[in-house]
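The block underneath contains the structure these notes are about, expressed in structure tokens.
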Amino acid sequence: MLRLRAVCPFSWRAFQFRSCSCKPLITEMIKCTDEGQIFDLIQKSKAILSEKQVECAFNILWQFQKQKTSFLKNVECVRDHPQFITLHNLATSQTEFMNDDTLVNVLYLTQQCATETHDLLVEALVTEAWRRLERFDINMLSKFSFCLANQHLYFSPLMGKIADIVHRKLETIEDLSFVKLFVALGPMAGPEEKEQLKSTILLMSEELTSQQALAVMGAMEEMESRNSHLNKKIASILHKHLDNYKPIELLKITRALVFLHFQNKELFVKLRELLHSYLKISVIPSEISILVYALSILPSPYLDEVEISRIEAVLPQCDLTDLNSFATSVLRWIHYDCTYLDNTTGKQLKLLQKLDHYGLQRLQKCTNLNLLWEELKSLKGDWFAESLLEETVATLHRLMDEINYKNVAEIASFLSRTNYLSTLLLDRIASVVLQQTEKIHPFAILPIILPFSILNYDPPQSDEFFGICVQHLNSYLSVLDPLMLVFLGFSLATLEYFPEDLLQAIFNIKFLAKMDSQLELLCSSLSMRVQLRLMELNRAVCLECPEYQIPWFHDRFCQQQYNKDTGSVNGAQQQIYKMLAEVLGGANYVKASVLTPYYHKIDFECILDKRKKPLPYGSNNIALGKLPEMHWESNTQITGSTLPPGAERIALEFLDSRAFCRNIPHLKGKSAMKKRHLEILGYRVIQIPHFEWNSMALSTKEARMDYLRECIFGEGKS
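Per the working numbering, the very first residue in the sequence shown carries number 504; after that it's consecutive.
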């Protein structure tokens, strides 16, 4: 390997050392030619390493990684090396003694070594930087914001604080260090700040380099920019530099332009020409998959025979990520060709079959769980779910013994994402947590619990498992992110688990005020998701744990949400409504789109008297497809008093595929929770699964009518 000095020269100016005592050891570090030599120096000198020497060691290790191709990179080996852990611990203990530049630089370099977001060093560095925030200059704020963005903390209170500082300093910014701030803060800025940010960039746009223009375009995509003047300006800079961009950069440009509905035929023609020219000469599988994907999202996508042959030639070398990218592109082409009645779908279907073959082959040959996870973690889309999911789970079963405290949260996240119920894997996850709790970071508890909640599964020793998970979090309740606590509380409630300490931490004025201030910084979709989960948790606690005396405070929120409801219904619901009217004796005996106390919406309701005879509703009965209306008093938990003696209220729910696990007809957590709640409210609940309603056994109207009679009255043909 070439010496680091030759490939990426270091100068004394890069470090601005204040102490001459640092120089001899740093000089030795700069002379090192590989990671092993750096680690030897750390081992010999760990008792005397200063914060500047620690920074230098991080920097040099990262430079070694940057020199390597993706195939040769060994970030994991470096990160798990005993002396890297020594370096990590030294940095953690020296955080408060680092100067501002060193502090932010070590955070950046630590992230480049793929250290996890909840790592203790990262937490210490972020916390210390937060204390010093007001004194950071714009360059420092830019770099720190970039680090936070890399941790996906776009909408954290810390980013909000940075946005406030930038807002105060905006008019004094005169250089392009501002670009990093624009990229980091853009997605979470308020409307006024966004316009200021865009305005400042537009004044500086003539000075943007090709890379800065690319970064700005990415931020504009995040912000869903509708500033046509700025969009055109940045696009013209990109157009000017287009020949200098790498394939992955061309993909980013293509994706942003398509997403922003940019109209410039000349630019798209140039993009297509460049992508095709790269594709004809590239031999690297990952690069070819990037080029093909970029071409597939351009208007009027196409591939010629030579390009299809090039794809086929590299398939044996592709990992699952590349294969999935190819499949997504091919499926997009097939859809496009079907839309425009093209004749080329036969070749694309054959290519899809080859992708299936190589994907299955790669899974069957896999012998290392951590390597498999590297390929699985970003996979999504129809091809993976339909073609590879079963074999992927079989591979995970085969490698199950390799699940440990380091990867348990990742495997749990995979099961949550795929909706696949594997009791073997979930039991293994629970077993690992029970055996290795102390080694698991508290922030990993939510992703670990999530698949049990989503898939409605209790492992063996479930009380002990959930108890240990909650106990592991108890000392962190005051410092955990409010959003995480809400999602955690809801996940546990789905499983009928209501830890009082956690609920008291959420349902108090101080916490809710803190969460309200945080919601203001979130994008509208995430903010709404958090509010819905808080409402659902509030409802679950009121219905299932009235002894906690936590008040219901979501009436107004629920009314606002249901006023937006379009009241759309599917074909099966329309069929069921008409047949229920016949079975019960008329449309006035069935009520559609009903809202219960606590705002559960149910498809159909009917009432039987004590002799199992349907009771009619009044003339104000709601028609199918209209907005639901509350017909009981809110907060009425038990309905017996509103019915004649001996009568029962029946809720009928049609359950589509979303209510069940992907692989077996097992009811998922939210649907099971809703059934519990309706029963607490006094309903007899009849759930009509889609696979029963659409089965061959119920293929005629008569069979379906008998099915409904049996469900309601407990009888078949009348």
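Don't be surprised by glycine CBs; every beta carbon is placed ideally from N, CA and C.
When the five nearest sequence neighbours on each side are left out, the beta carbons in the same chain lying within less than 6 Å of the beta carbon of Leu1046 are those of His1180, Ile1183, in order along the chain. The three-state reading of DSSP puts Tyr1186 in strand, counting E and B together. Here Leu882 is actually not in contact with Tyr923; their C-beta atoms are around 13 Å apart, not less than 8 Å. Setting aside the 5 residues that flank it on each side, Ser1030 is surrounded in the same chain by Leu1022, each with a C-beta closer than 6 Å to its C-beta; the list follows chain order.
Shown here, Asp1209 sits in a helix according to DSSP, grouped into three states.
Here the C-alpha atom of Thr589 lies approximately 19 Å from the C-alpha atom of Phe567. Annotated three-state conformation of Lys749 is coil, per DSSP. Counting along the chain, no beta strand (DSSP E) covers Asp822, and no H or E run does either.
Judged by DSSP secondary structure, Lys768 falls within the alpha helix (DSSP H) whose first and last residues are 768-784. The continuous alpha helix (DSSP H) containing Glu1085 extends over residues 1074-1087. Contact between Leu651 and Leu636 does not hold, since their C-beta atoms are separated by about 11 Å, which reaches or exceeds 8 Å. With 16 or more neighbouring CB atoms inside 10 Å of its own CB, Lys1171 falls in the buried class.
Taking Glu790 as the centre and dropping the five residues before and after it, the same chain places the C-beta of Pro750 closer than 7 Å to its C-beta, in chain order. Looking at the backbone, the Cα of Thr824 and that of Cys580 are separated by about 21 Å.
Leu927 and Ser956 have their C-alpha atoms some 16 Å from each other.
Non-local C-beta neighbours of Lys664 in its own chain, meaning closer than 7 Å and more than five positions away in sequence, comprise Leu636, ordered along the chain.
Looking from the CA of Leu983, the closest CA among Thr1203, Gly1185, Phe1014 belongs to Phe1014. The beta-carbon separation of Leu754 and Ala797, rounded to 4 Å, stays under the 8 Å limit for a contact.
If you keep only unbroken beta strand (DSSP E) runs of at least 3 residues inside the stretch 921-996, you get nothing at all. With contacts defined by Cβ atoms closer than 8 Å, Ala1095 and Leu1040 do not form a contacting pair. Glu554 and Gln546 have their C-alpha atoms spaced approximately 16 Å apart.
Between Ala1154 and Lys1113, the gap from beta carbon to beta carbon reaches 8 Å or more. Judged by DSSP secondary structure, Arg1152 falls within the beta strand (DSSP E) whose first and last residues are 1151-1158. With contacts defined by Cβ atoms closer than 8 Å, Leu1087 and Pro1049 do not form a contacting pair. In its chain, beyond the 5 residues on either side, Asp825, Ser828, Phe829 have a beta carbon closer than 6 Å to the beta carbon of Ser792.
In this structure, Glu815 sits away from Leu863, with a CB-CB distance that is not shorter than 8 Å. Between Phe1060 and Gln1034, the beta carbon gap of about 7 Å places them in contact (Cβ cut-off 8 Å). Residue pairing for Val761: DSSP places it in no beta bridge. Nearest in C-alpha terms to Val772, of all of Val786, Lys783, Thr757, is Thr757. Between Gln1076 and Phe1157, the C-beta gap is smaller than 8 Å, which places the two residues in contact.
Where Val809 is concerned, the enclosing alpha helix (DSSP H) starts and stops at 808-817.
In the three-state reduction of the DSSP assignment, Ser1096 falls in the strand class. When rounded, the separation of the alpha-carbon atoms in Phe968 and Ser1198 is 38 Å.
Non-local beta-carbon contacts of Ile1191 in its own chain, meaning distances under 6 Å to residues more than five positions away in sequence, involve Phe1157 in chain order. For Phe1107, the enclosing beta strand (DSSP E) starts and ends at 1104-1111.
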